[in-house]
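Colleague:
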Amino acid sequence: MINTPKRIIIFVIAGLLAGGALYTLAGILVAKYRWEINIFLYGSREAKKQEFTYHTRIPRHKKLEPSSPARPNVILVSLDTLRAQSMGCYGCANRTTPFIDQLAEEGALFEHMCSSSTSTPPSHMSMMTGLYKGVHGVGSKEVLDMGIRTLPEMMSEAGYATGAITENGFLVRQMGFGRGFDDYYEIKDVLLFDKLLVAGGFARDVFERGKTWIQEKGEHKFFLFLHTYEVHDPYFPPPPYDTMFLSNPDAYRKFLKKFRKQLGRVNTHVYPPEFIRAQYEGEIRYVDELIKDFIAFIRLQGLEGKTLVVITSDHGEELFERDGIVGHGNHTYDTESHIPFIIWMPGKIPAGVRVRNQVSNVDILPTVAEFLHLEVKGSIQGMSLLPLLRTPDHPDQRHVFCEAVKQTCLRSLAYKFIDSDELYLYGGTPGETVNQADTHRELCNDAVDRLNAFRAECQSLKAEKGLLKPGETVDLDEKDIRKLKALGYVE
Ligand SMILES: [Zn+2]
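Residue numbers 812 to 1302, in this note's numbering, belong to the letters of the sequence shown in order.
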């Protein structure tokens, strides 16, 4: 006979073992099947997508116009956290972007685009307004002032059907990202258990939703903004992309298993740099495949030659280049601030052009506006890049700026100066490895003056727009916070 205390102990141990087994099983299932496990728990795939996709339709009384080569459709694709140097067309040795490389050859590629910020909301807001954060004021929670006009608002006023498919997190509609959009989809995260967060990156759903939206627009001309966190940490590429860039997958088998179980969470103490880089690049290769499929759809719909496709990102990613750091947001080094910018529209954008000039993502709005002959009202800080397509090697003295949490920098083709007194000269010395501030004091002093002038310009633009007041903040809902947690922003 087993006495009662022993029985309790046996029950407790058995319970713990059963609980542990269930927890492990759930982890494996979620890691392997992501959506499917949630569908099993919550219902059909379509219902699931409906439940976690927030759709805002803003009724607008506007006359939609048919698309034409003169006023083409525009698709702006933002692949969050995609750094230029990890793409084939920007010199990456691995075949991470075979399809985007091909698009770049059929269109134009800008070799040196610097993001205005290395954080998601301010950088995207620069894309949408042509202004630096010093003017638009959107950091992580601030609401864009109604006095600032956005790209989707311009498109909407010009008779375009406007739609956004985002993965939310930071691109919160109420912060101003929804302004001008007829439809604003926010694909939010799915929470299974507190510890088993199915996180960041639903690129397939973003592109599929985008296709459906385009089909709904019929013959009307449209502006579509697509945003995905697929490339963002946690890096969680599906097979075969998870092993594609590992030189010896067998040697990493145990890490792969653990990584899948932890849903692609980066832990620099556990996983070797080569492994983490391979997962990041695997995500890029996966997205490249989705873009290939999406462009095939565009062609099938007869929209090639009638649609300007813009591929860019909001910032890059540190991947062990500096002090073992993985991530973005704090610094302005090229790893974090050098972003891709590729435009494609056969027949209208000259094929195979590579522009060497220094440009910024504040230039996106004026470029699209000029391409569509839309008037930019009010002062902005960006400039149209279309003239550079005609003279891609135009001598360039331009300085652009990037603001991060810990630094602000000024960048030109010749050098970068960071306000933490760092100077990097390009050409000659490799990349950003040797701080030459001490030996080039005059250049640093000049750069400090330029940074001060930039800050003064921001202040005077704010004054001109009547914005010299602290920005309001927006309260994030529970699902927004979960998404931010999944992306590693909130503890
Ligand atoms: Zn981002």
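Virtual Cβ for every residue (Gly too), placed ideally from N, Cα, C. Keep in mind it's a predicted model, so treat the numbers as computed, not measured.
Flag T931 as yes when its Cβ comes closer than 6 Å to any non-hydrogen atom of ligand 1, and as no otherwise.
Modeller: yes
Colleague: Cβ of D1044 versus every heavy atom of ligand 1: is any distance shorter than 6 Å?
Modeller: no
Colleague: What number of angstroms, rounded off, separates the C-alpha of D1134 from the C-alpha of L836?
Modeller: 36 Å
Colleague: So I1160 and G918 are in contact, right, with Cβ under 8 Å, and what is the actual spacing, rounded?
Modeller: Going by Cβ atoms, the distance from I1160 to G918 rounds to 5 Å, so yes, they are a contact pair.
Colleague: Let's test the definition: count the other Cβ atoms within 10 Å of the Cβ of K1006 and tell me whether it reaches 16, buried, or not, exposed.
Modeller: Here the model assigns K1006 a pLDDT of 38, short of 50, so the residue's position is not dependable and the matter cannot be decided.
Colleague: Does DSSP classify I821 as helix, strand or coil?
Modeller: helix
Colleague: Please state the DSSP three-state secondary structure of M957.
Modeller: coil
Colleague: Quick check: does the Cβ of T867 come within less than 6 Å of any heavy atom belonging to ligand 1?
Modeller: Judged by the Cβ position, T867 fails to qualify as a neighbour of ligand 1 at the 6 Å threshold, every heavy atom of the ligand being at least this far.
Colleague: Hey, is S1195's beta-carbon within less than 7 Å of any beta-carbon in chain B?
Modeller: Included in the structure is just one protein chain, with no chain B present.
Colleague: For L1234 and C1255, what's the separation of their Cα atoms in angstroms?
Modeller: Taking the straight line from one Cα to the other gives about 7 Å.
Colleague: Under 8 Å, with one C-beta from each stretch per pair, do the region 1211-1226 and the region 1250-1270 reach the 3-pair mark?
Modeller: yes
Colleague: Tell me which residues share the same chain as V1137 and place their Cβ nearer than 8 Å to its Cβ, disregarding the 5 neighbours each side in the sequence.
Modeller: Once the five neighbours on either side are set aside, the close Cβ partners of V1137 are D1044, V1077, T1079, I1087, E1128, E1129, L1130 and F1131.
Colleague: Give me, in chain order, the residues of the same chain whose beta-carbon lies closer than 8 Å to that of F910; leave out the 5 immediate sequence neighbours on both sides.
Modeller: D1099, E1100, I1102, K1103 and I1106
Colleague: Assign P1051 to buried or exposed, taking buried as 16 or more other Cβ atoms, counted over all protein chains shown, within 10 Å of its Cβ.
Modeller: exposed
Colleague: Is there contact here, the region 960-975 with the region 1200-1214, by at least three beta-carbon pairs under 8 Å?
Modeller: Because the criterion of three Cβ pairs below 8 Å is not met, the region 960-975 and the region 1200-1214 do not touch.
Colleague: Quick one: is S1271 buried, meaning 16 or more other Cβ sit within 10 Å of its Cβ, or exposed?
Modeller: exposed
Colleague: Between which two residues does the alpha helix (DSSP H) harbouring V885 extend?
Modeller: No alpha helix (DSSP H) holds V885; the beta strand (DSSP E) holding it covers N884 to L890.
Colleague: Go through its chain and collect everything with a Cβ distance to S1148's Cβ below 6 Å, but skip five positions before and after it.
Modeller: C925, S926, T929 and C1213
Colleague: Out of I1292, L1298, A1274 and D1288, point me to the one whose CA is closest to D956's CA.
Modeller: A1274
Colleague: Look up L1262 in the DSSP assignment and say whether it is helix, strand or coil.
Modeller: helix
Colleague: Would a C-beta distance cut-off of 7 Å place G974 and E876 closer than the cut-off?
Modeller: No, the Cβ-Cβ distance between G974 and E876 is not below 7 Å.
Colleague: Buried or exposed, going by whether 16 or more other CB atoms sit within 10 Å of the CB of F988?
Modeller: buried
Colleague: Restricting to runs no shorter than 4 residues, where is the alpha helix (DSSP H) found entirely within the region 1010-1092?
Modeller: If only complete runs of 4 or more residues are kept, the region 1010-1092 shows the alpha helix (DSSP H) at 1014-1028 and 1064-1072, in order along the chain.
Colleague: Is A1215 closer than 7 Å to N1263 when the C-beta atoms are compared?
Modeller: no
Colleague: Straight-line CA distance for S897 to E1268?
Modeller: 34 Å
Colleague: Any idea which residues DSSP pairs H1149 with across the strands?
Modeller: C925
Colleague: Could you have a look at A1180 and say whether DSSP puts it in helix, strand or coil?
Modeller: A1180 falls in the helix class under three-state DSSP.
Colleague: For S934, which residues in the same chain have their Cβ closer than 6 Å to its Cβ, ignoring the five residues on either side in sequence?
Modeller: S926, S927, S928, D1125 and H1126, listed in sequence order.
Colleague: Verify the contact flag: T892, CB atom, against every heavy atom of ligand 1, threshold strictly below 6 Å.
Modeller: yes
Colleague: Going by beta carbon distance, what residues of the same chain come within less than 6 Å of F1304, once the five residues before and after it are set aside?
Modeller: Residue 1304 falls outside the range modelled here, since the chain spans only 812 to 1302, and no answer is possible.
Colleague: Could you please give the first and the last residue of the uninterrupted alpha helix (DSSP H) stretch that includes K1227?
Modeller: It is not in any alpha helix (DSSP H) - K1227 instead sits in the beta strand (DSSP E) that spans Y1226 to I1229.
Colleague: In angstroms with no decimal places, state the Cα-to-Cα distance between T1146 and Y1237.
Modeller: Cα-Cα distance, rounded: 14 Å.
Colleague: What are the residues that DSSP puts in a beta bridge with G1138?
Modeller: E1129
Colleague: Could you check whether T867 and R1015 sit closer than 7 Å to each other, using their CB atoms as the reference points?
Modeller: no
Colleague: Could you please give the first and the last residue of the uninterrupted beta strand (DSSP E) stretch that includes E1214?
Modeller: V1211 to E1214
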